[in-house]
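K.L.:
Here it is: the structure, laid out below.
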Amino acid sequence: MKKYYPKNLERKWQKFWEKEKIYKFNSKKKGEIFSIDTPPPTMSGKMHIGHAFSYTHLDIITRYQRMKGKNLFYPFGTDDNGLPTERLVEKENKVKIFDMERQDFIKLCRKTIKKLRPGLVQEWKDIGISSDFDLNYSTISKEVQKLSQKFFIELYKKKRVYRKEAPCLWCPQCQTAIAQADLEDKERKSFLNYIKVNIIGTDKYIIFATTRPELLPACVGISVHPNDKRYKKYIGMKVKMPLTKAEIQIIPDKKTDMNYGTGVVYYCTYGGIECVEWMKRHPNIKPINIMNSDGKYNKKAGKYAGLKTSEARKKIIEDLEIIGALEKQESITHIVNTHERCGTDIEFISTKQWFIKYLDLKKDFLKFGRQIKWFPEYMRKRYENWVKGLGWDWCISRQRYFGIPFPIWYCQKCNKIKFAKVSELPVDPLHYQPKTKCSCGNSKFIPEKDVFDTWTTSSLTPQIAINLVKDKKTRKKLFPMSLRPQAHDIINFWLFYTIARSKLHFNKIPFKTIMVSGFVLDPKGEKMSKNKGNVISPQETIEKYGADVLRHWAAKAGLGEDLRWSEEEIKGSKRIITKLWNAFRFCSIHLKDFSKKEKLNLKELEGEDKWLLHLLQITIKNYDNYFKNYEFKKARQVIDDFFWKKFCDNYLEIVKPRLYFEQSEKKGSCQRQGSYNENSSKKVKFCLYTVLLSILKLYAPFAPFITEELFQDYFKNQEKEKSIHQSLIPKINSRLLNPKIKKEIDDVMDIISLIRKYKSEKGWSLKKEISEFSIRTKNKKIKKYSKLLKTVMNIKSIKIYPVK
RNA sequence: GGACGGUUGGCUCAAUGGUUAGAGCGUCGCGUUCACAUCGCGGAGGUUAUAGGUUCGAGUCCUAUACCGUCCACCA
Numbered sequence: 007m008k009k010y011y012p013k014n015l016e017r018k019w020q021k022f023w024e025k026e027k028i029y030k031f032n033s034k035k036k037g038e039i040f041s042i043d044t045p046p047p048t049m050s051g052k053m054h055i056g057h058a059f060s061y062t063h064l065d066i067i068t069r070y071q072r073m074k075g076k077n078l079f080y081p082f083g084t085d086d087n088g089l090p091t092e093r094l095v096e097k098e099n100k101v102k103i104f105d106m107e108r109q110d111f112i113k114l115c116r117k118t119i120k121k122l123r124p125g126l127v128q129e130w131k132d133i134g135i136s137s138d139f140d141l142n143y144s145t146i147s148k149e150v151q152k153l154s155q156k157f158f159i160e161l162y163k164k165k166r167v168y169r170k171e172a173p174c175l176w177c178p179q180c181q182t183a184i185a186q187a188d189l190e191d192k193e194r195k196s197f198l199n200y201i202k203v204n205i206i207g208t209d210k211y212i213i214f215a216t217t218r219p220e221l222l223p224a225c226v227g228i229s230v231h232p233n234d235k236r237y238k239k240y241i242g243m244k245v246k247m248p249l250t251k252a253e254i255q256i257i258p259d260k261k262t263d264m265n266y267g268t269g270v271v272y273y274c275t276y277g278g279i280e281c282v283e284w285m286k287r288h289p290n291i292k293p294i295n296i297m298n299s300d301g302k303y304n305k306k307a308g309k310y311a312g313l314k315t316s317e318a319r320k321k322i323i324e325d326l327e328i329i330g331a332l333e334k335q336e337s338i339t340h341i342v343n344t345h346e347r348c349g350t351d352i353e354f355i356s357t358k359q360w361f362i363k364y365l366d367l368k369k370d371f372l373k374f375g376r377q378i379k380w381f382p383e384y385m386r387k388r389y390e391n392w393v394k395g396l397g398w399d400w401c402i403s404r405q406r407y408f409g410i411p412f413p414i415w416y417c418q419k420c421n422k423i424k425f426a427k428v429s430e431l432p433v434d435p436l437h438y439q440p441k442t443k444c445s446c447g448n449s450k451f452i453p454e455k456d457v458f459d460t461w462t463t464s465s466l467t468p469q470i471a472i473n474l475v476k477d478k479k480t481r482k483k484l485f486p487m488s489l490r491p492q493a494h495d496i497i498n499f500w501l502f503y504t505i506a507r508s509k510l511h512f513n514k515i516p517f518k519t520i521m522v523s524g525f526v527l528d529p530k531g532e533k534m535s536k537n538k539g540n541v542i543s544p545q546e547t548i549e550k551y552g553a554d555v556l557r558h559w560a561a562k563a564g565l566g567e568d569l570r571w572s573e574e575e576i577k578g579s580k581r582i583i584t585k586l587w588n589a590f591r592f593c594s595i596h597l598k599d600f601s602k603k604e605k606l607n608l609k610e611l612e613g614e615d616k617w618l619l620h621l622l623q624i625t626i627k628n629y630d631n632y633f634k635n636y637e638f639k640k641a642r643q644v645i646d647d648f649f650w651k652k653f654c655d656n657y658l659e660i661v662k663p664r665l666y667f668e669q670s671e672k673k674g675s676c677q678r679q680g681s682y683n684e685n686s687s688k689k690v691k692f693c694l695y696t697v698l699l700s701i702l703k704l705y706a707p708f709a710p711f712i713t714e715e716l717f718q719d720y721f722k723n724q725e726k727e728k729s730i731h732q733s734l735i736p737k738i739n740s741r742l743l744n745p746k747i748k749k750e751i752d753d754v755m756d757i758i759s760l761i762r763k764y765k766s767e768k769g770w771s772l773k774k775e776i777s778e779f780s781i782r783t784k785n786k787k788i789k790k791y792s793k794l795l796k797t798v799m800n801i802k803s804i805k806i807y808p809v810k
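In structure tokens form, the structure reads like this:
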């Protein structure tokens, strides 16, 4: 056998699995179905290390379940529309979306996806994902468009969607409305500007503080707390705004914090969520919308028309300073909401958008959350925290190009909404006109230009995946799905939305179990980001160490735990995988002539054989128990420990003389030959075969490639399975449990340890011969092992003195 | 401000309320090179964040505090 080179080996077996359809879902296969709502990776570039990490967690679980005899429904999809994909297409083709015609851009998107998608999917195959890649979907495909539009219409029928003009979260960069979940906090350095305004009819002034002075032309109100002694007397009076000369009334508002700034707040349309809320509390006030959808100010901003926020801020501050209205500036750091996809500060703009009404269902969402089993359990709290904090209905419309269109038109005459028929789906209203007239008799319609937000569609992944199966009976068995795997960053998005959709459409939980992975952090424990330049490439890691090593390393973190990148730890995993290779190589030399058909009396096994087989049973037991609770991290620990410490360091070292018996006979003499015979060697071989095969199987979920190679290389001849991944995890054999022998050998091990220590302290070689050695022990059984001790520690004569 | 997680050798992490708190990496010493671009053996290294409490007994349970991390909300 050769040395271990993972690269070609892994490619070989990946192709083998694909060709032989090892992971194909077969609805007729026996065994309980285990269905997985696999996360469809976003088409936004290459697979990153976080993907490799969390998908490995998932794949370890699925491989284990498969080897427990479950029938795996494990599809694979890609999420290839929406903002991230648009951004990839822009970057890849060096174009700008708003410089292009809508149709041209969409064509370019389709072309780019077609080009890039196979490469992306291959990256998932490269890390050994055992999906059935024939159960494959793309969220922009015709089938998925149809499904997504159908469910939208269904929601409308259930009176769960509505269109409304309202101030809405808006990204001026992407020029689209966004949802609450799309927000990300960012710390910004800014100024708190104190602005002095005259109270009309008096010579008095009041001062308010603001971080957004540029919105002065959009100012609609000033508030003080009704109990604020300083300002009580001014309530109801008006102030004259500087620059705009607008007259604004001072209105009492209990939400005003008397202790912040000057205790006077000015409200604009819209400076932030607090302004929107303030407008709701004071419905008589009319908004002054000064911002266009591209983030530039319009005519209502007077001389500031045409400017963007940052430009207008600079100019207005200058102007305020000139007229002496700027009392002072305080530098502050504060948190602003930015668009999670592009980092731009968000604005509020009043526009017409589509919403899914669900705020009334918060209690049901919480109830559903409790019906699902969470790993780790505490992640549920995050979900609950999010649900409790929901303040807005779900805005699902996006003013973008590459997404699934709304299947609707508006009557040109009466403005009534016209829905596409389900039989017509999928439709793009921009290129298709309704066949029937509006109820008002008119037959001309204006198409809806907006598209669905990606989460609108990806919240339907269980349905999308199940839709790939044609047989209705099987479909029923797949839902609710067994497992939803994902990372913790999208609990508020994908996870929540999927549960919400499932509630709205089916009133059922979408999956029975959720497993949540953490993140990979850089060696300092910080988040990886392209800006920081601390990104680790999984592709390079695979190239250098192999996917099995990367997977073994990824299992170092349990569910919910973050894992710091460490080259040293990767090397540690590499050592274990290499050791597996070498241990197998060594054993296979001795196992050449072994046949498992040859019968052997278990009772006649040597003590160390029984000891090893006993420990194997315990290892399997622990391994299974850990996997039951999704604790693959601990399962990995027990198999690592058993393999390296017990099997290699102890057992193999002890039995070498028994294995070398044949060779030593030929050579005539051997240093540690002892007096072993052929029968003794046979017993070792039986143990090696049994234990090695078990070790391979227990490692198979973690390191699928090398275990397959070793299985095919030797065990294939005597085992019936086509692939190790179609075999079963070994069952505990209670006949091999032997606590008595375990205790005896443990004592022998302790004695060996003492002798090693003694030799080590003397600076002797461990092989140095000891002429005479005495043991005082309470354990009467030790006598049985004096031959073993003599051989292992190279002792000529042992005397054992019993102690009472 | 709210919620959640964490704090154990230099580093990364283990320890169903029960002997002397364990591994791996690193470090120091020794030994092998006949499975192992190595591997093995041995040593040093810990007041378990802090302060109280419950208990025969606390790293583990309770209460506070501090610090770190994550999510959410937010002061104009």
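Using my numbering, read the first sequence as starting at 7 and increasing by one per residue. Where is the CB? At the ideal position from N, CA and C, for every residue including glycine.
What separation, rounded to the nearest whole angstrom, lies between the Cα atoms of K261 and I505?
P.N.:
One-based indexing of the first sequence puts residue 261 at position 255. One-based indexing of the first sequence puts residue 505 at position 499. Cα to Cα, the separation comes out at about 34 Å.
K.L.:
Going along the chain, which residues of its own chain have a beta-carbon closer than 7 Å to the beta-carbon of T315, five neighbours each way excluded?
P.N.:
The residue given as residue 315 occupies position 309 in the first sequence. Cβ within range, chain order: E220, G301.
K.L.:
Would you call the region 593 to 605 in contact with the region 412 to 427, where contact means no fewer than 3 C-beta pairs closer than 8 Å?
P.N.:
The answer is no - the region 412 to 427 does not touch the region 593 to 605, with fewer than three Cβ pairs under 8 Å.
K.L.:
Do the CB positions of H240 and I205 come within less than 8 Å of each other?
P.N.:
Position 234 of the first sequence, counted from the start, is the residue given in the question as residue 240. Position 199 of the first sequence, counted from the start, is the residue given in the question as residue 205. Going by the sequence as given, residue 240 is Tyr instead of His. Closer than 8 Å, so yes.
K.L.:
Going by the CB atoms, is the gap between C174 and C444 shorter than 8 Å?
P.N.:
Reading the first sequence from its first residue, position 438 is the one you call residue 444. Reading the first sequence from its first residue, position 168 is the one you call residue 174. Cβ distance not < 8 Å, so C444 and C174 don't count as in contact.
K.L.:
Looking only at its chain, what residues have a beta carbon closer than 6 Å to the beta carbon of F22, apart from the 5 residues adjacent to it on each side?
P.N.:
Position 16 of the first sequence, counted from the start, is the residue given in the question as residue 22. So no residue of the chain qualifies.
K.L.:
Are F31 and V167 closer than 8 Å when you measure CB to CB?
P.N.:
Position 25 of the first sequence, counting from 1, holds the residue named residue 31. Position 161 of the first sequence, counting from 1, holds the residue named residue 167. Taking 8 Å as the Cβ cut-off, F31 and V167 do not qualify as a contacting pair.
K.L.:
Over what stretch of residues does the beta strand (DSSP E) that includes W415 continue unbroken?
P.N.:
Numbered from its first residue, the first sequence carries residue 415 at position 409. Segment 414 to 417, the beta strand (DSSP E) holding W415.
K.L.:
Out of curiosity, what's the CA-to-CA distance linking V393 and N498?
P.N.:
Position 387 of the first sequence, counting from 1, holds the residue named residue 393. Position 492 of the first sequence, counting from 1, holds the residue named residue 498. Going by the C-alpha atoms only, they are around 8 Å apart.
K.L.:
In this structure, does DSSP put G83 in helix, strand or coil?
P.N.:
Locating residue 83 in the first sequence gives position 77, counting from the first residue. In this structure, G83 counts as strand in the three-state DSSP scheme.
K.L.:
Please classify Y807 as buried or exposed, where buried requires at least 16 other C-beta atoms within 10 Å of its C-beta.
P.N.:
As a first step, residue 807 is located in the first sequence; it is residue number 801 there, counting from the start. Counting Cβ neighbours within 10 Å, Y807 comes out exposed, since fewer than 16 surround it.
K.L.:
For T350 and N343, I'd like the C-alpha separation in whole angstroms.
P.N.:
Within the first sequence, residue 350 is the residue found at index 344, counting from 1. Within the first sequence, residue 343 is the residue found at index 337, counting from 1. Roughly 8 Å separates the two Cα atoms.
K.L.:
Starting from E52, follow the alpha helix (DSSP H) in both directions and report where the run begins and ends.
P.N.:
Residue 52 sits at position 46 when you count from the first residue of the first sequence. Just to set this straight, residue 52 is Lys in the shown sequence, not Glu. Neither: K52 is in no alpha helix (DSSP H) and is coded neither H nor E.
K.L.:
Which same chain residues, not among the five before or five after P382, have their C-beta less than 6 Å away from its C-beta?
P.N.:
Taking the first sequence and counting its residues from 1, one reaches residue 382 at position 376. Only L565, G566 meet the Cβ criterion.
K.L.:
Secondary structure at F721, three-state DSSP: helix, strand or coil?
P.N.:
Taking the first sequence and counting its residues from 1, the one referred to as residue 721 is at position 715. In the structure shown, F721 sits in a helix (DSSP, three-state: H, G or I).
K.L.:
If we require 3 or more residues per run, which beta strand (DSSP E) segments fall completely within the region 245 to 276?
P.N.:
Runs found: 253 to 258, 271 to 274.
K.L.:
Would you mind reading off the limits of the beta strand (DSSP E) that contains L332?
P.N.:
By one-based count along the first sequence, residue 332 stands at place 326. It spans 332 to 345 - the beta strand (DSSP E) in which L332 sits, taken as one unbroken run.
K.L.:
Since E92 and R581 are thought to touch, with beta carbons under 8 Å apart, how far apart are those beta carbons, to the nearest angstrom?
P.N.:
The residue given as residue 92 occupies position 86 in the first sequence. The residue given as residue 581 occupies position 575 in the first sequence. No, E92 and R581 are not in contact; Cβ-Cβ is about 44 Å, not under 8 Å.
K.L.:
Extract the residue ranges of the beta strand (DSSP E) inside the region 194 to 225, only unbroken runs of 3 or more that lie entirely within it.
P.N.:
Within the region 194 to 225, the complete beta strand (DSSP E) runs of at least 3 residues are 211 to 216.
K.L.:
Under a three-way DSSP split, which group does G227 fall into?
P.N.:
Position 221 of the first sequence, counted from the start, is the residue given in the question as residue 227. Strand, per DSSP.
K.L.:
For N785, collect the residues of the same chain with a Cβ closer than 6 Å to its Cβ; drop the 5 residues on either side in sequence, then sort them by chain order.
P.N.:
The residue labelled residue 785 in the question sits at position 779 within the first sequence. The residues are D753.
K.L.:
Checking 8 Å against the spacing of the C-beta atoms, do D528 and N537 come in under that value?
P.N.:
In the first sequence, counting from the first residue as 1, residue 528 sits at position 522. In the first sequence, counting from the first residue as 1, residue 537 sits at position 531. Contact flag unset, no.
K.L.:
Could you tell me the alpha carbon to alpha carbon distance between D43 and N265, rounded to whole angstroms?
P.N.:
On the first sequence, residue 43 is found 37 positions in, with the first residue counted as 1. On the first sequence, residue 265 is found 259 positions in, with the first residue counted as 1. Distance between the alpha carbons of D43 and N265 is about 50 Å.
K.L.:
Which of the three DSSP states, helix, strand or coil, is assigned to M543?
P.N.:
For the purposes of this step, residue 543 is taken as the residue at position 537 of the first sequence. Looking at the sequence itself, residue 543 is Ser, so the reference to Met does not match. Of the three classes helix, strand and coil, the one that applies to S543 here is coil, per DSSP.
K.L.:
Let me check understanding here. Comparing Cα to Cα, which of C593, N473, F408 lies closest to D85?
P.N.:
Looking up residue 85 in the first sequence gives position 79. Per the Cα distances, F408.
K.L.:
At the level of alpha carbons, what is the spacing between K796 and D756?
P.N.:
As a working mapping, residue 796 is identified with position 790 in the first sequence. As a working mapping, residue 756 is identified with position 750 in the first sequence. Near 14 Å, if we compare the C-alpha coordinates of D756 and K796.
K.L.:
Look at the alpha carbon of P453 and the alpha carbon of K305, and state the distance between them as a whole number of angstroms.
P.N.:
As a position in the first sequence, residue 453 is number 447, starting the count at 1. As a position in the first sequence, residue 305 is number 299, starting the count at 1. If you take the alpha carbons of P453 and K305, they lie about 29 Å apart.
K.L.:
Which ranges would you report for the alpha helix (DSSP H) in the region 531 to 595 if only whole runs of at least 4 residues count?
P.N.:
Counting whole runs of 4 or more residues, the region 531 to 595 contains the alpha helix (DSSP H) stretches 544 to 551, 553 to 560.
K.L.:
Pick from L608, K514, K97: whose alpha carbon is nearest that of D370?
P.N.:
If you number the first sequence from 1, residue 370 lands on position 364. Among L608, K514, K97, the Cα nearest to that of D370 is on K514.
K.L.:
Work out the CA separation of H620 and L743 for me, nearest whole Å.
P.N.:
Looking up residue 743 in the first sequence gives position 737. Looking up residue 620 in the first sequence gives position 614. Rounded to the nearest angstrom, the two C-alpha atoms are 5 Å apart.
K.L.:
Identify which residue in K518, W571, H558, W500 has its Cα closest to the Cα of G531.
P.N.:
Residue numbering aside, residue 531 sits at position 525 when the first sequence is read from its first letter. Cα-wise, what sits closest to G531 is W571.
K.L.:
Mind checking which residues open and close the alpha helix (DSSP H) that includes Y389?
P.N.:
Reading the first sequence from its first residue, position 383 is the one you call residue 389. Unbroken alpha helix (DSSP H) run through Y389: 385 to 395.
K.L.:
With distances taken between CB atoms, is the gap from F649 to I701 smaller than 8 Å?
P.N.:
Taking the first residue of the first sequence as position 1, residue 649 is located at position 643. Taking the first residue of the first sequence as position 1, residue 701 is located at position 695. Their beta carbons are under 8 Å apart, which means F649 touches I701 by this criterion.
K.L.:
In three-state DSSP terms, what is K793?
P.N.:
One-based indexing of the first sequence puts residue 793 at position 787. Helix at K793.
K.L.:
Evaluate F692 with the Cβ neighbour count: other Cβ atoms within 10 Å of its Cβ, from every protein chain shown; 16 or more gives buried, anything less gives exposed.
P.N.:
Stepping through the first sequence from its first residue, residue 692 is reached at position 686. Buried, since its Cβ has 16 or more Cβ neighbours within 10 Å.
K.L.:
Can at least three beta-carbon pairs, one atom from the region 761 to 780 and one from the region 788 to 802, be found at a separation below 8 Å?
P.N.:
Because the criterion of three Cβ pairs below 8 Å is met, the region 761 to 780 and the region 788 to 802 touch.
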